[in-house]
Amino acid sequence: MNLQKLYSYTRQAIEAYELIDEGDKIAIGISGGKDSLALLYALSGIQKFYPKKFDIVAITVDLGFDNFNLDNIIKLCKLIKVEYHIIKTEIGNIVFEARKEKNPCSLCAKMRKGALNQAVKELGCNKIAYAHHKDDILHTLFLSYFFESQLYSFAPYTFLEKSQLAIIRPFVFIPEKEIIGFQKKYNLPVVKNPCPAGGDTKREEMKELIELINKKYPGVKKRMFSAISNSMIPDWEFSRLSSMDRKRKLGIDIE
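At position 188 of the sequence shown the residue is numbered 1232 (this note's numbering), and the sequence of numbers has no breaks.
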């Protein structure tokens, strides 16, 4: 995938789900992986020609693990002239040493999001952009089905009333294989995940399962995504509403 194709995919999602408004200040969550770095490229490029003017800032929540060197990402942000902030935390020590969590991912994710949301608010941003891609939608659906007894996946746009922040996901139309191609073509400065639980998660298991099913029944991934898109678009639109507007839409009495 080249840069123009990355812009095209991203802009399709932005316009389909009205992800960006005039005057937005958008924080891009940078984990150091290929997906978030590709999103950094996408939004920093689209910002230059998109008709609605918006600002971006890149943020990494440092969990406190050793061997997490962000120097090359710092250089990249300077090169493309994007403001970059690294939020230092002790989340890794709390989760693995102090708490000794047997299933650390849930607590880590909750604490990481809390640290990110606080930093985003302090920087005056009103939106956070995550780099969840098309395959992530299926992985999340399988996780919710297998382990939570429900059929759920994330929306391209979600408004968090408590923090008054919107979450946007401009990569929902991009297959992971395209991002891998982009990473190789543009030599993205990916930082290896130092987390002890990295690569050994239920999400990775779901990813392997879906690939196995798709190998046995070619094209099933594409059909599953179409099914999700067809059934969940109303839910995605619904996620843009405030709680009061949701009640009005559902016909619930408001005192």
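Beta carbons: idealized from backbone N, C-alpha and C, even for Gly.
Since we're looking at a predicted model, the values are computed, not measured.
Counted as a single uninterrupted DSSP element, the stretch harbouring Thr1245 is not any beta strand (DSSP E), since DSSP gives it neither H nor E. Here Pro1262 is exposed. Its C-beta has fewer than 16 other C-beta atoms within 10 Å. Secondary-structure assignment with DSSP links Tyr1196 through no beta bridge to anything. Taking the Cα positions, Leu1123 is about 12 Å away from Gly1089. When secondary structure is reduced to three states using DSSP, Phe1203 falls in the strand class. With contacts defined by Cβ atoms closer than 8 Å, Leu1160 and Ile1172 form a contacting pair. Counting along the chain, Tyr1128 sits inside the beta strand (DSSP E) bounded by residues Glu1127 to Lys1132.
Under the DSSP assignment, Val1105 falls in the beta strand (DSSP E) whose first and last residues are Asp1099 to Asp1106. Close CB contacts of Leu1084 within its chain, under the 7 Å cut and outside five residues either way in sequence, are with Ile1072, Ile1074, Ala1102 and Val1126 (chain order). In this structure, the straight-line span from the alpha carbon of Asn1046 to that of Asn1111 is close to 31 Å.
Per DSSP, Gly1158 has no beta-bridge partner at all. When C-alpha distances from Leu1151 are compared across Lys1165, Gly1136, Val1164 and Glu1192, the shortest belongs to Gly1136. Per the C-alpha coordinates, the member of Gly1168, His1177 and Phe1269 positioned closest to Gly1077 is His1177.
By the Cβ-count criterion, Ala1153 is exposed, with fewer than 16 other Cβ atoms from all chains shown falling within 10 Å of its own Cβ. Taking all protein chains shown into account, Leu1256 has fewer than 16 neighbouring C-beta atoms within 10 Å of its C-beta and is therefore exposed. In the DSSP annotation of this structure, Ile1117 is not part of any beta strand (DSSP E); the continuous alpha helix (DSSP H) holding it starts and ends at Asp1115 to Leu1123. Proximity to Glu1134 across Gln1227, Cys1239 and Leu1232 peaks at Cys1239, based on C-alpha coordinates. Asp1179 sits buried, since 16 or more C-beta atoms from the chains shown fall within 10 Å of its C-beta.
Excluding residues up to 5 positions away in sequence, Met1045 lie with their Cβ nearer than 6 Å to the Cβ of Glu1222 in the same chain. For the pair Ala1163 and Ser1080, the CB atoms are not nearer than the 8 Å cut-off.
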